[in-house]
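Just below is one structure, and these are the notes that go with it.
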């Protein structure tokens with residue numbers, strides 16, 4: 001999926017911002033969790049044939065292959081991999097099993113957060129209006145205090161990004177820039 005939003009990532013300096021945030025936050029926050037999309041097998045046998053998730057993913061998969069020659073969701077393709085610039089470090093927690101937009105839905109993320117008595121959940125990542133928003137809403141519904149680091153998120157267009165930042169995130173939590181967040185840790 002990285003290739004799909006490469007322009008927005010570059011224009012907004014998201015990868016560099018994330019690298020700086022992660023470097024500075026390690027040792028200053030309780031834990032850093034990665035919730036990567038868990039790859040599917042070819043043909044999406046994990047999903048109901050003809051169902052909306054299967055058909056939606058299949059359509060995106062065909063578009064990705066046509067545009068970039070890679071799969072977005074399939075095991076063994078670079079699409080679902082964490083890019084090397086953001087590789088988890090020792091001490092980071094990689095939450096396995098994410099098959100939906102919401103990082104809580106098909107994973108043990110909620111269990112890990114509660115087991116570590118974490119109250120504030122800080123969101124970064126891609127796509128702002130899909131995975132980040134869905135996961136942030138879910139965290140809010142579960143009683144967590146939500147922070148979204150706007151300059152460490154990206155989506156297809158700046159217009160979609162602006163909509164989330166103006167209308168969605170302020171209603172479910174706090175929107176911050178990464179520098180503002182790091183300053184708040186002091």
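Numbering (the working numbering), first residue to last: 1 to 186.
Each residue gets a CB set at the ideal place from its N, CA and C atoms; glycine is no exception.
What does a CB cutoff of less than 6 Å around residue i pick up in its chain, not counting 5 residues either side in sequence?
i, result
"residue 103", "35, 109 and 135"
"residue 95", "33, 35, 107 and 109"
"residue 17", "151, 152 and 178"
"residue 175", "148, 150, 165 and 169"
"residue 140", "146 and 172"
"residue 100", "106"
On the DSSP bridge list, what partners appear for residue i?
i, result
"residue 145", "120"
"residue 173", "146"
"residue 40", "74"
"residue 153", "125"
"residue 34", "94"
Label residue i either buried or exposed according to how many other C-beta atoms from any shown protein chain fall within 10 Å of its C-beta, with 16 as the threshold for buried.
i, result
"residue 167", "exposed"
"residue 117", "exposed"
"residue 161", "buried"
"residue 113", "buried"
"residue 173", "buried"
"residue 8", "buried"
"residue 124", "buried"
"residue 80", "buried"
"residue 28", "exposed"
"residue 159", "exposed"
"residue 185", "exposed"
"residue 133", "buried"
Going by beta carbon distance, what residues of the same chain come within less than 8 Å of residue i, once the five residues before and after it are set aside?
i, result
"residue 54", "44, 47 and 48"
"residue 5", "126, 127, 154, 155 and 156"
"residue 142", "104 and 110"
"residue 15", "9, 83, 85 and 86"
Excluding five sequence neighbours on each side, which residues of the same chain lie with their C-beta closer than 7 Å to the C-beta of residue i?
i, result
"residue 10", "none"
"residue 98", "35, 36, 37, 38, 106 and 107"
"residue 24", "182"
"residue 41", "75"
"residue 12", "151 and 154"
Give the C-beta separation of residue i and residue j to the nearest angstrom, bearing in mind that I take them to be a contact with Cβ-Cβ under 8 Å.
i, j, result
"residue 127", "residue 82", "So it is not a contact: roughly 15 Å between Cβ atoms."
"residue 119", "residue 144", "7 Å"
"residue 73", "residue 86", "The pair is not a contact, with the Cβ atoms about 19 Å apart (cut-off 8 Å)."
- Query: Curious, which full-length beta strand (DSSP E) runs of at least 3 residues does the stretch 79-139 contain?
  - Reply: 120-126
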